[in-house]
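Following: one structure in structure tokens, then a few remarks.
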Amino acid sequence: MALKMAFGRICEKVNRKAQIKMGETIAIMFIFFVLLVVGAIFYMNLQRATVSREITEAYELRAVELSQVISFLPEAQCTESNVVKASCFDLYKLIGLSKVASTPEGINLYSREFGTTTIRLIKLYPSGGEWVLYDNRKANFTSAPVTNIPIMLFNTTSDKYYFGVLEVTTYS
Amino acid sequence: MNRNRKKNQKAQMEIMGLMIVVILLIVGVLFAVKFVVLKKSPEVRQTFSRTQMASNMGLALMSSTTDSCRGTAVKDLLIDCAEWPEAGGTITCDDGRRSCDYVNSTIGKILNQTLDAWKVRYYVTAGTSKRLDEQIIYFTSAGCTADRDQPGESESFFLPSSRGLLTLKVFICE
Numbered sequence: 001m002a003l004k005m006a007f008g009r010i011c012e013k014v015n016r017k018a019q020i021k022m023g024e025t026i027a028i029m030f031i032f033f034v035l036l037v038v039g040a041i042f043y044m045n046l047q048r049a050t051v052s053r054e055i056t057e058a059y060e061l062r063a064v065e066l067s068q069v070i071s072f073l074p075e076a077q078c079t080e081s082n083v084v085k086a087s088c089f090d091l092y093k094l095i096g097l098s099k100v101a102s103t104p105e106g107i108n109l110y111s112r113e114f115g116t117t118t119i120r121l122i123k124l125y126p127s128g129g130e131w132v133l134y135d136n137r138k139a140n141f142t143s144a145p146v147t148n149i150p151i152m153l154f155n156t157t158s159d160k161y162y163f164g165v166l167e168v169t170t171y172s
Numbered sequence: 173m174n175r176n177r178k179k180n181q182k183a184q185m186e187i188m189g190l191m192i193v194v195i196l197l198i199v200g201v202l203f204a205v206k207f208v209v210l211k212k213s214p215e216v217r218q219t220f221s222r223t224q225m226a227s228n229m230g231l232a233l234m235s236s237t238t239d240s241c242r243g244t245a246v247k248d249l250l251i252d253c254a255e256w257p258e259a260g261g262t263i264t265c266d267d268g269r270r271s272c273d274y275v276n277s278t279i280g281k282i283l284n285q286t287l288d289a290w291k292v293r294y295y296v297t298a299g300t301s302k303r304l305d306e307q308i309i310y311f312t313s314a315g316c317t318a319d320r321d322q323p324g325e326s327e328s329f330f331l332p333s334s335r336g337l338l339t340l341k342v343f344i345c346e
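Going down the list, the sequences are from chains A and D. Anchor point for the first sequence: position 9 equals 9 in this note's numbering, and the numbering is continuous, going up by one each time. Just add 172 to wherever you are in the second sequence, counting from 1, and you've got this note's numbering.
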């Protein structure tokens with residue numbers, strides 16, 4: 001009888017020890033998974049920041065590309081005696097383009113080159129004048145970063161050059 | 173005695189285990205920081221954008237016709253100012269200012285409305301000499317100065333003058 005009782009006590013002790021060990025293991029596993037989740041969240045946030053930075057850069061590049069496209073359009077180029085002037089935009093041609101490109105037919109025609117963007121022309125110096133060259137907004141866009149490109153505008157009637165800005169809004 | 177020593181050894185082993193886990197975590201975080209945070213973004217695109225910005229800015233600035241200075245271009249005022257810096261230039265504008273004064277305020281106004289407004293860090297210099305204190309035009313923004321080497325892209329434009337080659341430099345900092 002005494003032997004049976006002693007055996008029972010030993011068994012109880014061993015069981016309690018095993019329970020403590022199990023609890024310890026579970027606690028370690030819990031902490032490990034918490035750390036894993038924290039690490040994953042941290043990594044995902046960093047990745048998100050990197051991706052958004054890359055997207056912004058891509059938009060900037062797209063805006064520069066667009067300005068290059070516009071500068072090579074005969075509808076915008078400056079010419080003198082049929083010779084094209086580099087990096088120069090004809091103000092009156094651009095104003096004419098703004099009247100055409102913003103119509104449904106114009107959007108249809110220029111959407112291949114410009115895509116879903118809004119291109120505004122701002123005459124900064126001497127001040128005065130803003131024209132929307134092209135406006136094809138994307139429905140339900142999530143972001144619309146704006147990129148500004150300084151340009152040279154030529155007024156053919158007064159033979160003067162103005163300082164202008166091409167404001168390109170790219171929708172995504 | 174023996175049981176205590178065993179217990180101590182076990183505790184030491186557990187601490188060692190924890191230490192290994194912590195070291196592994198630190199190594200993991202360091203790797204993440206190295207490859208994600210300190211990862212250099214594609215330089216070509218940024219460089220291209222900055223070069224385009226500097227080039228377009230310089231070209232548009234130089235060619236602009238002034239609104240109240242006898243219809244002269246900014247580059248002509250710059251040349252006049254570089255040729256007669258002691259007198260502040262020989263061209264007198266409609267408001268009575270000389271070319272150096274006028275061109276400084278005009279360029280300042282344009283830069284304020286553009287690069288400053290777009291929060292682009294830059295410096296613009298113009299002069300026949302390389303010395304900073306001899307520049308006829310010197311504009312800077314937020315820590316981007318010409319007195320020390322900076323990472324970024326620049327575009328230089330050269331204009332002939334009787335005092336030598338006038339260099340207009342537009343530098344866009346990273």
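Even glycine gets a Cβ: it sits at the ideal position worked out from N, Cα and C.
In the three-state scheme derived from DSSP, where H, G and I count as helix and E and B as strand, Cys241/D is classed as coil. If you check the CB distance, Ile279/D and Leu233/D come in under 8 angstroms. With a threshold of 8 angstroms between beta carbons, Thr286/D makes contact with chain A.
CA-CA distance, Leu287/D to Leu202/D, rounds to 37 angstroms. Within chain D, the C-beta atoms nearer than 7 angstroms to that of Met152/A come from Leu231, Ala232 and Ser235, in chain order. Between the segment 190-204 of chain D and the segment 159-170 of chain A there are fewer than three C-beta pairs closer than 8 angstroms, too few to call the two in contact. Take Ile192/D, set aside five residues on each side of it, and no residue of its chain has a beta-carbon closer than 8 angstroms to its own. Judged by beta-carbon spacing, Leu91/A lies within the 8 angstroms limit of Leu153/A, meaning their Cβ atoms are closer than that value.
Residues of the segment 174-200 of chain D with a C-beta atom less than 7 angstroms from some C-beta of chain A are Leu197 and Gly200, listed in chain order. Ranking Ile187/D, Ala298/D, Arg320/D and Lys182/D by CA distance to the CA of Leu331/D puts Ala298/D first.
Under the Cβ criterion of 8 angstroms, Ala314/D is not counted among the residues facing chain A. Between Leu133/A and Leu121/A the beta-carbon gap is near 5 angstroms, inside 8 angstroms, which marks them as a contact. In terms of CA proximity to Glu60/A, Thr223/D leads the group Ala254/D, Thr223/D, Asp266/D and Asp305/D. Look at Gln322/D here: in three-state DSSP terms it is coil, with no helix or strand label.
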